[in-house]
Amino acid sequence: MSTPPLLRAEGLCLSYGALAALDQVGLALWPGEVLAVVGESGSGKTSLLDVLSGRRTPDAGTVLYQDESGATREVHAMAAPLLRRLHRSDWGFVHQDPRESLRMEISAGGNIGERLMESGRRHYGAIRATAAHWLAEVEIDPARIDEPPRRFSGGMRQRLQIARALVTHPRLLFMDEPTGGLDVSVQARILDLLRRLVARHRIAAVLVTHDLGVARLLAQRIAVMRAGRVVETGLTDQVLDDPLHPYSQLLVSAVLRV
Amino acid sequence: MRGYNFAYLDEQTKRMIRRAILKAVAIPGHQVPFGGREMPLPYGWGTGGIQVTAAILGPQDVLKVIDQGADDTTNAVSIRRFFARVAGIATTTRTTEASVIQTRHRIPETKLRADQILVYQVPQPEPLYRLEPSRVAARRLHALAEYGAMHVRLYEDIARLGAVAISYDYPVLVNRRYITSPSPIPAFDNPKLHRMAALQLFGAGREKRIYAIPPYTEVRSLDFEDHPFRPHRADGACALCGARDSYLDEVLTDDRGGRMFVCSDTDYCAGRAA
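If you're matching them up, the sequences are chains A and B in order.
Its first residue numbered 41, the first sequence is counted upward by one per residue in my numbering.
Its first residue numbered 9, the second sequence is counted upward by one per residue in my numbering.
Listed below in structure tokens is the structure:
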């Protein structure tokens with residue numbers, strides 16, 4: 041590909057004491073592309089996401105991000121205010137548990153609006169209109185704009201979290217098990233929504249999941265992790281239909297078919 | 009008075025407090041920690057303000073102390089008498105005659121001059137306190153000037169009630185940098201903070217913080233472009249002096265629903281009634 045990657049990681053190492061969570065991990069993500077990181081629990085997926093997003097500093101290795109001006113920045117060498125600004129506007133984060141990013145006592149509109157106010161917007165009417173628009177985008181009735189998320193169902197909270205992440209038009213989205221803990225029909229609706237929004241707004245995303253079905257639906261490319269190493273990468277269909285590494289084969293064959 | 013140093017505190021303590029004040033003046037609106045001392049009055053009664061006052065008083069100073077605008081309430085009378093005894097300085101109830109004014113929850117109606125100092129008693133110096141309970145996290149937010157959450161509070165008020173419902177301790181942005189608590193003065197007084205000629209010092213005794221607004225500093229009350237800050241004032245006139253521009257207290261006069269509005273600033277009211 042001729043365009044430079046949006047996010048590039050090289051030689052990432054991270055250990056918790058004797059345990060190596062990441063061992064020489066490298067990957068690249070191009071604009072508008074969804075990359076799924078799959079693997080069993082404890083394989084280092086979430087650690088990788090934390091390191092990529094600058095929330096955790098690796099023992100070795102670099103993460104390079106190309107910002108809106110086209111300049112390449114080393115995520116872990118960035119000054120704290122700059123990194124926070126990225127997190128506030130250019131990046132979005134979708135957690136497994138919506139409570140990690142939502143304020144449960146504050147209205148849905150306030151939750152979405154907070155990202156706008158953090159990036160300096162000061163017009164109440166405009167903030168509210170944008171919040172209502174994004175509620176509709178994630179299929180929540182805009183009439184519920186003044187209700188706090190604690191009155192929402194699990195699936196609605198997750199959709200609200202997605203609206204909050206996308207309201208600043210991020211170019212890069214980090215997702216950590218975005219459909220974990222939801223029942224299958226709610227999962228399907230959220231996956232459908234994510235796929236549509238990510239494609240329409242050309243958002244690049246790193247998606248961490250243990251669910252190969254989620255990866256197949258959302259991601260163009262896939263990286264299989266095991267014990268802190270990326271054992272196989274490739275196009276999603278290629279990896280899932282014709283896995284090369286024995287561990288990938290094991291993972292694919294372990295999926296329950298009904 | 010014998011047995012006490014001038015103005016109660018020992019000279020080392022005063023120097024420490026003055027250093028904190030100098031730093032606070034240099035960084036308008038920034039909270040500077042200081043080694044707060046035990047004072048002969050309980051926390052919540054103005055231990056912070058009294059230490060700041062003790063550190064800046066000189067023998068020539070004339071002190072005025074107000075509590076909720078009034079010169080004749082217990083807190084004001086006690087602190088005024090305290091400094092009259094331990095510093096032997098002159099005291100006054102006249103705003104124009106005072107060189108140092110210690111205040112709890114009000115700014116005098118009379119415009120202050122450049123040769124005066126206003127000392128606030130502050131119960132809670134951290135404006136982000138309700139939004140961010142961790143002091144470490146709140147300090148980081150100040151350092152990075154990340155104040156989005158503060159506007160969420162205003163947003164919620166407008167969404168729910170149609171207007172910002174903060175009537176006292178209304179947060180301000182000092183010198184376009186630090187969000188600061190103006191102490192629990194009514195929002196009515198907030199415009200007086202802006203470009204005030206007098207030096208404003210804030211002392212929080214329990215929390216052991218000092219901060220300052222230097223003379224002629226820009227102080228903006230937080231608001232939205234389409235919901236500008238509006239100070240609230242009871243619609244009425246003072247029953248004693250007839251003032252329509254001063255901040256009013258509502259006073260119950262009997263148990264049959266009788267009530268009246270009077271100026272909260274007693275000196276201003278007396279000056280007008282005379």
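For every residue, glycine included, the Cβ atom is placed at its ideal position computed from N, Cα and C.
query: Closest residue to L257 (chain A) among A:R242, A:L280, A:V264, A:A267 (Cα-Cα distance); result: A:L280
query: Selected residue, minimal CA-CA separation from G44 (chain B), among B:G57, B:A32, B:V33; result: B:G57
query: Alpha carbon of Q106 (chain A) to alpha carbon of A100 (chain A), nearest angstrom; result: 20 Å
query: DSSP bridge partner residues for I58 (chain B) (one or two, in chain order); result: Answer is none; I58 (chain B) lacks a bridge partner.
query: Environment of G11 (chain B) [buried if 16+ CB atoms lie within 10 Å]; result: exposed
query: Sufficient close CB pairs (3 or more, under 8 Å) joining the segment 127–140 of chain A to the segment 164–174 of chain A; result: no
query: The segment 151–163 of chain B: positions lying closer than 9 Å to chain A by Cβ; result: A151, L152, A153, E154, Y155, G156, A157, M158, H159, V160, R161, L162, Y163
query: For W131 (chain A): DSSP bridge partner residues; result: A:L212
query: T102 (chain A), DSSP secondary structure in three states; result: strand
query: Complete alpha helix (DSSP H) runs within the segment 20–46 of chain B (minimum length 4 residues, chain order); result: none
query: Contact under 9 Å by Cβ, F269 (chain B) with G244 (chain B); result: yes
query: Rounded C-alpha distance that separates A183 (chain A) from R199 (chain A); result: 15 Å
query: Within chain A, the residues that R168 (chain B) reaches when beta carbons sit closer than 8 Å; result: S147, D186
query: Of the residues B:G52, B:A122, B:P50, the one placed nearest I221 (chain B), counting alpha carbons only; result: B:A122
query: Three-state class that DSSP yields for L222 (chain A) in the structure shown; result: coil
query: Interface flag, Y266 (chain A) vs chain B, CB-CB below 9 Å; result: Residue 266 (chain A) is actually Arg in this sequence, not Tyr. False, the Cβ-Cβ gap to chain B never drops below 9 Å.
query: Element boundaries [alpha helix (DSSP H), containing T86 (chain A)]; result: 85–92
query: Boundaries of the beta strand (DSSP E) in which Q64 (chain A) is found, first to last residue; result: 59–69
query: Limits of the beta strand (DSSP E) - the one that M265 (chain A) falls within; result: 261–266
query: Where M144 (chain A) falls, given that 16 or more other Cβ within 10 Å makes a residue buried; result: exposed
query: Backbone CA spacing between S254 (chain B) and S272 (chain B) [nearest angstrom]; result: 8 Å
query: Of the residues B:N198, B:A247, B:D257, the one placed nearest R238 (chain B), counting alpha carbons only; result: B:N198
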